[in-house]
Amino acid sequence: MPAEIQTTLEKRGFTHPFEIQITTIPDALAGKDICGRAATGSGKTLAFGIPLVAGVGKGRSGSPRALVLAPTRELAEQIQRELEPLARARGRSIMSIYGGVGYEPQRRALRKGVDIVVACPGRLADLIKQGDVRLGDVDFVVLDEADRMADMGFLPEVRRLLDQTAPNRQTLLFSATLDGDVDVLTRQYQRDPVYHHVGELEPDITLAQHHFWRLEAHDRLRTTVDVIGASGQTIVFSRTRRGADRIARQLANAGVSAAPIHGSRSQGQRNRALNDFSAGRVKALVATDVAARGIHVDDVACVLHFDPPEDEKTYMHRSGRTARAGASGVVVTFVLEDTLADIETMLAALGLGVQIVAPAPDRLFSPEGKPLEAPKGPVRQPRSNGASASKSGGRRRGGRKPGGATGGQRQNGHGNGARSGAPSSRPGGGNRRRQSGARPQTSPRATERV
Numbered sequence: 015m016p017a018e019i020q021t022t023l024e025k026r027g028f029t030h031p032f033e034i035q036i037t038t039i040p041d042a043l044a045g046k047d048i049c050g051r052a053a054t055g056s057g058k059t060l061a062f063g064i065p066l067v068a069g070v071g072k073g074r075s076g077s078p079r080a081l082v083l084a085p086t087r088e089l090a091e092q093i094q095r096e097l098e099p100l101a102r103a104r105g106r107s108i109m110s111i112y113g114g115v116g117y118e119p120q121r122r123a124l125r126k127g128v129d130i131v132v133a134c135p136g137r138l139a140d141l142i143k144q145g146d147v148r149l150g151d152v153d154f155v156v157l158d159e160a161d162r163m164a165d166m167g168f169l170p171e172v173r174r175l176l177d178q179t180a181p182n183r184q185t186l187l188f189s190a191t192l193d194g195d196v197d198v199l200t201r202q203y204q205r206d207p208v209y210h211h212v213g214e215l216e217p218d219i220t221l222a223q224h225h226f227w228r229l230e231a232h233d234r235l236r237t238t239v240d241v242i243g244a245s246g247q248t249i250v251f252s253r254t255r256r257g258a259d260r261i262a263r264q265l266a267n268a269g270v271s272a273a274p275i276h277g278s279r280s281q282g283q284r285n286r287a288l289n290d291f292s293a294g295r296v297k298a299l300v301a302t303d304v305a306a307r308g309i310h311v312d313d314v315a316c317v318l319h320f321d322p323p324e325d326e327k328t329y330m331h332r333s334g335r336t337a338r339a340g341a342s343g344v345v346v347t348f349v350l351e352d353t354l355a356d357i358e359t360m361l362a363a364l365g366l367g368v369q370i371v372a373p374a375p376d377r378l379f380s381p382e383g384k385p386l387e388a389p390k391g392p393v394r395q396p397r398s399n400g401a402s403a404s405k406s407g408g409r410r411r412g413g414r415k416p417g418g419a420t421g422g423q424r425q426n427g428h429g430n431g432a433r434s435g436a437p438s439s440r441p442g443g444g445n446r447r448r449q450s451g452a453r454p455q456t457s458p459r460a461t462e463r464v
């Protein structure tokens, strides 16, 4: 590893590499193609970022030398933020390209010359068609979260982009699954890749306490205010964009600072919402599933499923936003009459062994700020009504698309109604404890674990 990169990592406090970094970086530095099956938060950003920055050459005007493709604007920005200090230490430039913002600033940066481009496929394709960027000099490519790009319908565009890069390029692919379309992509665009599979593919939701509360629809907002008052920084999940806007507006009317984040918001609005939440200026981030994917915020006290997830896979990904990086947290799910059967089925599939009970916001945390154990109960078996959940998240409600299945892998041998007034605070100021003991109160930090 170049000395400049090692020094920069040490200054930033990265002294102990994650497993994905230990296994993949040597092969990548040796020039091999990599196919990594790894979850979000596993440290894969530096796993591909270190060899990329170490080996990338200088680009020309409109002709970068390295390309990272990512499915969402948020993820593209996060990758740029994480790699920028390393690139700067090596005298290399990096930029992100995504939709939802004006073209001209991106055109100017490309004309000036940039070495590394982190891009969403759609906007990059537009800039290529307009003659602003050429990919013929790109000899290092990273496909990050390839399974999500497949789910979002980007793979035809990804193939067209890859076809324009240098034929002797080095290609690194990271994905939560390596079957189906991702496997086809690997066979078509990688040369004898080394396969690595490390870490948990799903968030470890057992680190959080899970509460399922039976209530009426008109009580949800009042209960949400109480939960935020008891917990502190909370991510609230809504099924729809319109619902996220409504919940955020109603929370604000109830005296709770809240910001929505979803695909209909402008890039500037989404950035402000995330930055305000990260800095603690906003107590509730109200998100849809699509907008929340790729956003990773440490030190979140609570995840609240205002609208229930469509399946257990979505529940795991939502709930994995809390109890991260050694911290503790709570997860609250609202259960209405018309969702009771589906949630019982999901509970059985998850095997959490908790009861569905009446709301009790005052029983989420101890006076010292430690999450209290949720009421336990027997693990109920799914009802034989055709709605059984599967490991792939195949159960659906209301005709919505089920979650994708986790495929096999190849490995190498190595409401309504608002309540006026601000939410009441609990003793301890919203602090939670790390598993090793109490910790000082902090605002959450928006990061991808690298």
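Convert by adding 14 to the 1-based position in the sequence shown; the result is the number in the numbering used here.
We put the CB at the ideal spot given by N, CA and C, even for glycine.
What you are looking at is a predicted structure, and each value in this text was computed from that prediction instead of being measured.
CA nearest to the CA of residue i, picked from the options
| i | options | result |
| --- | --- | --- |
| residue 46 | 141, 32, 123, 155 | 155 |
| residue 134 | 113, 61, 161 | 113 |
| residue 115 | 314, 385, 285, 384 | 285 |
| residue 325 | 357, 274, 372, 60 | 357 |
| residue 17 | 194, 222, 103, 238 | 103 |
| residue 244 | 31, 373, 87, 23 | 373 |
| residue 327 | 361, 351, 313 | 361 |
| residue 146 | 126, 165, 161 | 126 |
| residue 105 | 121, 132, 67 | 67 |
| residue 366 | 288, 246, 345 | 345 |
| residue 138 | 161, 61, 175 | 175 |
Backbone CA spacing between residue i and residue j [nearest angstrom]
| i | j | result |
| --- | --- | --- |
| residue 184 | residue 153 | 6 Å |
| residue 263 | residue 240 | 16 Å |
| residue 389 | residue 257 | 29 Å |
| residue 407 | residue 123 | With a pLDDT of only 38 at residue 407, under the threshold of 50, the placement of this residue in the model should not be trusted; the figure read from the coordinates follows. Spanning the two alpha carbons is a distance of roughly 42 Å. |
| residue 329 | residue 323 | 5 Å |
| residue 299 | residue 142 | 35 Å |
| residue 274 | residue 291 | 10 Å |
| residue 101 | residue 229 | 52 Å |
| residue 25 | residue 311 | 22 Å |
| residue 268 | residue 96 | 37 Å |
| residue 458 | residue 333 | Because the pLDDT of residue 458 is 49, which lies under 50, any placement of that residue in the model is unreliable, and the number read from its coordinates should be weighed accordingly. In a straight line, the C-alpha of residue 458 is about 16 Å away from that of residue 333. |
| residue 433 | residue 265 | Low local confidence applies: a pLDDT of 37 at residue 433 is under 50, so the model's placement there is unreliable, with the coordinate-based value given in what follows. Taking the straight line joining both Cα atoms gives about 9 Å. |
| residue 94 | residue 21 | 19 Å |
| residue 224 | residue 119 | 45 Å |
| residue 302 | residue 276 | 6 Å |
| residue 221 | residue 117 | 43 Å |
| residue 348 | residue 313 | 22 Å |
| residue 237 | residue 98 | 42 Å |
| residue 355 | residue 319 | 16 Å |
Pair within 8 Å by beta-carbon distance, residue i and residue j
| i | j | result |
| --- | --- | --- |
| residue 73 | residue 129 | yes |
| residue 42 | residue 186 | yes |
| residue 90 | residue 110 | yes |
| residue 271 | residue 295 | yes |
| residue 251 | residue 151 | no |
| residue 188 | residue 368 | no |
| residue 242 | residue 297 | yes |
| residue 34 | residue 212 | yes |
| residue 148 | residue 71 | no |
| residue 49 | residue 192 | yes |
| residue 136 | residue 159 | no |
| residue 190 | residue 87 | no |
Reduced DSSP secondary structure (H/G/I, E/B, other) of residue i
| i | result |
| --- | --- |
| residue 347 | strand |
| residue 20 | helix |
| residue 32 | coil |
| residue 419 | Residue confidence for residue 419 is low, a pLDDT of 34 falling below 50, so the modelled location carries little weight; the figure read from the coordinates is stated next. Coil at residue 419, not helix or strand. |
| residue 220 | helix |
| residue 228 | strand |
| residue 300 | strand |
| residue 336 | coil |
| residue 15 | coil |
Short CB-CB distance (under 8 Å) between residue i and chain C
| i | result |
| --- | --- |
| residue 275 | Looking for chain C here will not work: only one protein chain is present. |
Near the ligand NAP: residue i beta-carbon under 7 Å from a heavy atom
| i | result |
| --- | --- |
| residue 129 | In the structure shown, the ligand NAP is absent, as is every other ligand, since no ligand is present at all. |
**Report entry** 4 or more residues per run - each alpha helix (DSSP H) lying fully within the segment 161-203
**Finding:** If you keep only unbroken alpha helix (DSSP H) runs of at least 4 residues inside the segment 161-203, you get 169-176, 194-203.
Query raised in the report: Where are the alpha helix (DSSP H) runs, 4 residues long or more, that stay fully inside the segment 52-132, in chain order?
Result: If we require 4 residues or more, the alpha helix (DSSP H) runs fully inside the segment 52-132 come out as 58-69, 87-103, 118-126.
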